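A short worksheet on the structure shown next.
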Amino acid sequence: MASRAQIPVVDLGDWHADPYDDGARRHLPGHDHAHDDSPHDGSARRRLAHHVDQALQSTGFLLVTGHGIDPGLPGRLRAAARDFFRLPSDVKNAYAQCADRRGWTARDRVVTGRSEGTETPPDLLEVWSCAADPATPCHWPDEVPALRPLVAEYTDRMRGLADTVLEVMATALDRPVDFFTRHTTDPNWDFTVNWYPAADETGPAAPGQFRIGPHTDFGLVTLLDRQTGRGGLQVHDDEHGWQDAPYEPGAITLNIGDLMARWSGDRWRSGRHRVLPPPVDAPREELTSLVYFHACAPGTSIASLPAPVGRTPYPAVRAGDYLQEKMRAILADGGA
Numbered sequence: 003m004a005s006r007a008q009i010p011v012v013d014l015g016d017w018h019a020d021p022y023d024d025g026a027r028r029h030l031p032g033h034d035h036a037h038d039d040s041p042h043d044g045s046a047r048r049r050l051a052h053h054v055d056q057a058l059q060s061t062g063f064l065l066v067t068g069h070g071i072d073p074g075l076p077g078r079l080r081a082a083a084r085d086f087f088r089l090p091s092d093v094k095n096a097y098a099q100c101a102d103r104r105g106w107t108a109r110d111r112v113v114t115g116r117s118e119g120t121e122t123p124p125d126l127l128e129v130w131s132c133a134a135d136p137a138t139p140c141h142w143p144d145e146v147p148a149l150r151p152l153v154a155e156y157t158d159r160m161r162g163l164a165d166t167v168l169e170v171m172a173t174a175l176d177r178p179v180d181f182f183t184r185h186t187t188d189p190n191w192d193f194t195v196n197w198y199p200a201a202d203e204t205g206p207a208a209p210g211q212f213r214i215g216p217h218t219d220f221g222l223v224t225l226l227d228r229q230t231g232r233g234g235l236q237v238h239d240d241e242h243g244w245q246d247a248p249y250e251p252g253a254i255t256l257n258i259g260d261l262m263a264r265w266s267g268d269r270w271r272s273g274r275h276r277v278l279p280p281p282v283d284a285p286r287e288e289l290t291s292l293v294y295f296h297a298c299a300p301g302t303s304i305a306s307l308p309a310p311v312g313r314t315p316y317p318a319v320r321a322g323d324y325l326q327e328k329m330r331a332i333l334a335d336g337g338a
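In our numbering, the protein residues as written are 3 to 338.
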């Protein structure tokens, strides 16, 4: 059995409880640092930002609490999504992904490991996906009318949470609090509901086959609401190899994506991870993950921050082009 990874817990309550916008004040002309000991001097925010900075340098992952998300919302969304995934395949085919890759993705259509150059058999999952542009898939399933409003509510909450985290991260780098969020007023977000069927439905996994193969995410930050299971999330550590990700009820798992790693000049790690195959010793275990991918506007030029913050000077990339190239790589048919 794999060991359990050490992923720090970050309570955003400390950020919300200290309303003082320390990041904005420190960049005002003539700011007097001699008065930084006032009751609302931003010290709680600075401590939180330092904690986030240290965690992202070591693992690229966080467990986020104090986020204010309605605790019942993920369960309601999962229930609606399962109603859809349980429909017959010929019904779901009517909602299959169209040219913009929004809608339903059947099994054997995604090979996530290809994004990092790892060849595996197709991933053992089904996906419902939508995105900011276009704001909806080709069409939503008439058979499950609750799905669309629940996805809209959930993604709205995730977008707000992602921007809050980006403010914390900007503060961690001693940048203005809107250093990242000025590029996310029109974000290029994606949202997927990943359904991992049970082993008694998929049959035994092929050698090297996973629910999701090893990869790093592509954008700025990913917010994951997941269920714990034996065939669940693992993260990779250079020293210890693959480890089971810790689970805390109600916490959102956050990880850094490739664009943010490039932007930080590799100060922060793009956390490598995978989802284990369905366990044969728990043949009825099925899991559903809610995955929100936050990225900046497609036309944003991402250039590495210079030293001493950054450590690797990557050439600038256009965010939208980078994401499209990565997405094409993971489709089993090569993007046709």
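Don't be surprised by glycine CBs; every beta carbon is placed ideally from N, CA and C.
Bear in mind that the values here come from a model prediction, so they are computed numbers and not experimental data.
Is the Cβ-Cβ distance between Asp165 and Phe295 less than 8 Å? The sequence position of residue 165 within the sequence shown is 163, counting from 1. The sequence position of residue 295 within the sequence shown is 293, counting from 1. At least 8 Å separates the beta-carbon of Asp165 from that of Phe295.
Endpoints, the beta strand (DSSP E) within which His52 is located: One-based indexing of the sequence shown puts residue 52 at position 50. Here His52 belongs to no beta strand (DSSP E); instead the alpha helix (DSSP H) covers Ser45 to Ser60.
Can you tell me whether DSSP reads His29 as helix, strand or coil? What you label residue 29 is simply residue 27 of the sequence shown in a count that begins at 1. Note on His29: pLDDT 36, under 50, position unreliable in the model; the coordinate value appears next. It is coil, neither helix nor strand.
Let me know if Pro280 comes out buried or exposed under the rule of 16 or more other beta-carbons within 10 Å of its beta-carbon. Within the sequence shown, the letter at position 278 stands for residue 280. Buried: at least 16 other Cβ atoms inside 10 Å.
According to the Cβ coordinates, are Asn196 and Val129 closer than 8 Å? Here the question's residue 196 lines up with position 194 in the sequence shown. Here the question's residue 129 lines up with position 127 in the sequence shown. Closer than 8 Å, so yes.
Short check: CB of Arg232 to CB of Ala284, under 8 Å? Taking the sequence shown and counting its residues from 1, one reaches residue 232 at position 230. Taking the sequence shown and counting its residues from 1, one reaches residue 284 at position 282. Their beta carbons are under 8 Å apart, which means Arg232 touches Ala284 by this criterion.
Considering Cα atoms alone, identify which of Gly205, Ala331 and Ile9 is closest to Val54. The residue labelled residue 54 in the question sits at position 52 within the sequence shown. The residue among Gly205, Ala331 and Ile9 with its C-alpha nearest the C-alpha of Val54 is Ile9.
For His18, the first and last residue of its enclosing beta strand (DSSP E): For the purposes of this step, residue 18 is taken as the residue at position 16 of the sequence shown. From DSSP, His18 is part of no beta strand (DSSP E) but of the alpha helix (DSSP H) over Gly15 to Ala19.
Endpoints, the alpha helix (DSSP H) within which Trp142 is located: For the purposes of this step, residue 142 is taken as the residue at position 140 of the sequence shown. Here Trp142 belongs to no alpha helix (DSSP H), and DSSP marks it neither H nor E.
Rounded to a whole number of angstroms, what is the C-alpha to C-alpha distance between Leu225 and Thr186? To locate residue 225, count along the sequence shown from 1; it is residue 223. To locate residue 186, count along the sequence shown from 1; it is residue 184. Approximately 15 Å, taken between the alpha carbons.
Here's the rule: buried if 16 or more other CB atoms are within 10 angstroms of the residue's CB, otherwise exposed. What is Val93? Numbered from its first residue, the sequence shown carries residue 93 at position 91. With fewer than 16 Cβ atoms within 10 Å of its Cβ, Val93 is classed as exposed.
Start and end of the beta strand (DSSP E) containing Phe63? As a position in the sequence shown, residue 63 is number 61, starting the count at 1. Its beta strand (DSSP E) spans residues Phe63 to Thr67.
Going by DSSP in three states, Gly312 sits in which element: helix, strand or coil? Locating residue 312 in the sequence shown gives position 310, counting from the first residue. DSSP, reduced to helix, strand and coil, places Gly312 outside both helices and strands of the structure shown, so it counts as coil.
Contact under 8 Å by Cβ, Gly312 with Arg271: On the sequence shown, position 310 is the one that residue 312 refers to. On the sequence shown, position 269 is the one that residue 271 refers to. Going by C-beta atoms, Gly312 is not nearer than 8 Å to Arg271.
So what does DSSP say about Ser117, is it helix, strand or coil? Here residue 117 refers to the residue found at position 115 when the sequence shown is read from its first residue. In the three-state scheme derived from DSSP, where H, G and I count as helix and E and B as strand, Ser117 is classed as helix.
Check whether the Cβ of Gly215 sits closer than 7 Å to any heavy atom of the ligand MG, and report yes or no. This structure simply doesn't include the ligand MG, nor any ligand for that matter.
Let me know the secondary structure DSSP gives Leu333 once reduced to three states. Reading the sequence shown from its first residue, position 331 is the one you call residue 333. Here Leu333 sits in strand by DSSP.
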